[in-house]
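Below: one structure, written as structure tokens.
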Amino acid sequence: MKAFLQNKENINVKKKKGFLSSLLVGMLLCFTILISLFPIVWVILSSFKTNAAILSDPFSLPTGFSLEPYSYIFSKYNFVQYFLNSTLVSLSATLLALLIYAMGAYVFAKYNFPGKNLLFILYSITLLVPAQSKAAAYTHLRAHETQANVVCRLL
Numbered sequence: 286m287k288a289f290l291q292n293k294e295n296i297n298v299k300k301k302k303g304f305l306s307s308l309l310v311g312m313l314l315c316f317t318i319l320i321s322l323f324p325i326v327w328v329i330l331s332s333f334k335t336n337a338a339i340l341s342d343p344f345s346l347p348t349g350f351s352l353e354p355y356s357y358i359f360s361k362y363n364f365v366q367y368f369l370n371s372t373l374v375s376l377s378a379t380l381l382a383l384l385i386y387a388m389g390a391y392v393f394a395k396y397n398f399p400g401k402n403l404l405f406i407l408y409s410i411t412l413l414v415p416a417q418s419k420a421a422a423y424t425h426l427r428a429h430e431t432q433a434n435v436v437c438r439l440l
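Using the working numbering, the first residue of the sequence shown is number 286, and each one after it goes up by one.
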């Protein structure tokens, strides 16, 4: 009976430790989410300020919500077309890169061949180089004139 009670106490201690570690991880994740979302919320709130309000006190909350910047964007520029072009290019580049990297990952996972490790390292390094720096090399070739060229240079 004594062994049973000690075993039950050990289980309760393990549950408490598990709960505390889960609570700590949850709090850390919530903190990380708040830190990540703060700049986005700040930009959205600042988008309702006028230019004069942003220049006079950039770190204050908006005193009033002005839709003037949005009306200016939609009246002066073809914002919807720009947004759709950006969405099309980014989705196309992401899906194409995902397809290419998934096919490469399959080959590295399933087949053994000479130079596999070196090729894997070179293949992995391409993931570390930002697409913007790779794309900058193509600007003198006028590769930014069509959507297909933009997608290809972002790979």
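Virtual Cβ for every residue (Gly too), placed ideally from N, Cα, C. Only a predicted model underlies this, so the values are computations on that prediction, with no experimental measurement involved.
Asked: Measure the C-alpha to C-alpha separation of A382 and G349 and round it to an integer number of angstroms.; Found: 43 angstroms
Asked: Taking 8 angstroms as the cut-off, does the stretch 348-366 touch the stretch 382-392 (at least 3 CB pairs, one atom from each stretch)?; Found: no
Asked: Taking the alpha helix (DSSP H) that Y367 belongs to, which residues open and close that run?; Found: F364 to K395
Asked: So, does the CB of S341 fall closer than 8 angstroms to a CB anywhere in chain C?; Found: No chain C is present in this structure, which holds just one protein chain.
Asked: What is the rounded straight-line gap between the Cα of F304 and the Cα of L319?; Found: 22 angstroms
Asked: If you compare alpha carbons, which of Y396, A394 and T379 is closest to A433?; Found: T379
Asked: How would you label K334, buried or exposed, when you count the other beta carbons within 10 angstroms and need 16 or more for buried?; Found: buried
Asked: Is the CB-CB distance between I339 and S331 below 8 angstroms?; Found: yes
Asked: With distance defined between alpha-carbon atoms, name the residue in S360, S377 and F323 nearest to F344.; Found: F323
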